[in-house]
Amino acid sequence: MSVHPGQETWSKEDICAHLGDDYDRFLGAIVPPIFQNSLFTRKTVNHGYTYTRVTNPTTEIAETKIAALEEGEEAKCFASGMAAITSTLMSVLEQGSHVLCPRSVYTPTRAFLENYMPRFGVEATFVESESVEAFERAIRPNTKVILLESPVSNLFTLQDLAQLAGLARAHNLTTIIDNTWATPMYQNPIRLGIDLVVHSASKYMGGHSDIVGGVVVGRKETLTEIMHRERGLFGAIMDPHQSWLLLRGLRTLPLRMRQHQESGMKVAKFLEEHPAVERVFYPGLQSHPQFELGRKQMSGYSGLMSFVPKGSVEQIRAFIKQLSFFEEGPSWGGFESLINSPGVGISEEASSLTGIPSGLVRISVGLEKAETLIDDLDRGLFAMKA
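Take the sequence shown: its letters are residues 1 to 386, numbered as in the UniProt record's numbering.
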């Protein structure tokens, strides 16, 4: 059947498995087809499709699922997470605008605000993400946007989303958040008053490290404008095959996130208790300074965390080389476990600018058995001490 009863009461698991599917429309196919074509003719019926640079049926199914997961009116898929966030910023900013942003925000996002947007007269101020007062003090008459990332994906500090949404409304500002770490499974910022939610679909949503994509969720009026203007004019839409792979990933998102959370918590607790580890950054640990805020605005945690080993730069690099199950790589959110070293060899200036401490190592806990990963880390840390 193409329409399921009681969709308004569906769980997130139900949404991921079935929402947007239309078996009657697609000849009973349980998996929707890939509409791998550039254009649509309309000789006999106006079906709403013209050109895949604007929209595509396969892409729309993914958008329907994600909008429901995030409790937004509409979602639009993009060719990458950066295409999503830059298009969204361009849609609400104008010449002379000012943006507020956490100082340890995703590095390419910071680079876009610092190095690209000044060409159009747009300024950005980077503030301590934990402090609502810091955001309030930094507001100027020309401030247009508060851009958030909670938790941020290096230090895992949080922002109080409900309070910042209220602050933004009081000053007539637009709020945008990168919600990639928590996913819609564990955090729904729109429910807390945030205007626009952005994801890198390359991470947990895709889940298999075989797509690059992004998503924006929000009010229908805003998203329709972004679709026809920024996404359409920049040519930034997610292609049909990537959309089909994203649908494949979404079907198992609830299961995978439960496993990432379970294993992530075990690994984080192991690292916290290890004598060769100085500090662990993970919102699921009770030792996290914003643990209670995390419990208030998130319903769970993912598998991405960071920590500082006790050792020199050379020792930390040797530790990374010793690992068998953690491959060295820059991304996260896939089935495989990864390790990255944003704080190894960082300059004092860069550390002061971003807040990233020297020696910081970030790991993405994949779908391997948690005990296997713990043993791997333990061997590496032991070798580092030797």
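Note that CB positions come from ideal geometry on N, CA and C, so glycine has one too.
Inset, instruction - Report back the beta-carbon spacing between isoleucine 177 and valine 152 to the nearest angstrom; my notes put them in contact at under 8 Å. - result: Not confirmed; about 11 Å, so no contact.
Legend entry - Under 8 Å between C-beta atoms of arginine 319 and leucine 338: Rather than arginine, the amino acid found at residue 319 in this sequence is phenylalanine. Pairing phenylalanine 319 with leucine 338 gives a Cβ-Cβ distance that is not under 8 Å.
Legend entry - Counted within 10 angstroms of its Cβ, other Cβ atoms place phenylalanine 126 as buried (16 or more) or exposed: So phenylalanine 126 ends up on the buried side.
Inset, instruction - Pick helix, strand or coil for lysine 369, following the three-state DSSP scheme. - result: Lysine 369 falls in the coil class under three-state DSSP.
Legend entry - Inter-residue spacing [alpha-carbon to alpha-carbon] between leucine 293 and histidine 18: Going by the C-alpha atoms only, they are around 33 Å apart.
Legend entry - Outcome for aspartate 24 when other beta-carbon atoms lying within 10 angstroms are tallied against a minimum of 16: Exposed is the call here.
Legend entry - Start-to-end residues for the beta strand (DSSP E) that takes in aspartate 22: Following the DSSP letters along the chain, one finds aspartate 22 in no beta strand (DSSP E), marked with neither H nor E.
Inset, instruction - Take alanine 124 and list the residues in its own chain whose beta-carbon comes closer than 6 Å to its own, dropping the five residues that flank it on each side. - result: Taken in chain order, the residues that qualify are Val99, Cys101, Leu113.
Legend entry - Residues that glutamate 149 bridges to, as DSSP identifies them: Within the DSSP secondary-structure output, glutamate 149 pairs in a beta bridge with Asp178.
Inset, instruction - Please state if the CB of threonine 180 and the CB of leucine 253 are separated by a distance shorter than 8 Å. - result: Taking a C-beta distance under 8 Å as the contact criterion, leucine 253 and threonine 180 do not qualify as a contact pair.
Inset, instruction - Using the DSSP secondary-structure output, state which residues sit across from threonine 58 in a beta bridge. - result: Threonine 58 pairs with nothing; no bridge assigned.
Inset, instruction - Just list the alpha helix (DSSP H) runs in the segment 58-114, keeping only unbroken ones of 4 residues or longer that don't cross its boundaries, in chain order. - result: Annotation: the segment 58-114 contains the following complete segments of the alpha helix (DSSP H) (minimum length 4 residues), in chain order: 81-92, 107-111.
Inset, instruction - Return the chain-ordered list of same chain residues with a C-beta closer than 7 Å to the C-beta of phenylalanine 135, the five sequence neighbours on each side being excluded. - result: Around phenylalanine 135: Leu100, Val127, Ile146, Leu164, Leu167.
Inset, instruction - Quick one: which unbroken alpha helix (DSSP H) runs of 4-plus residues sit fully inside the segment 190-268? Chain order, please. - result: Here the runs fully enclosed are 220-226, 240-251.
Inset, instruction - State the CB to CB distance for the pair proline 357 and serine 351, rounded to an integer number of angstroms; the pair is presumed to be in contact (CB under 8 Å). - result: Correct: roughly 6 Å between the Cβ atoms.
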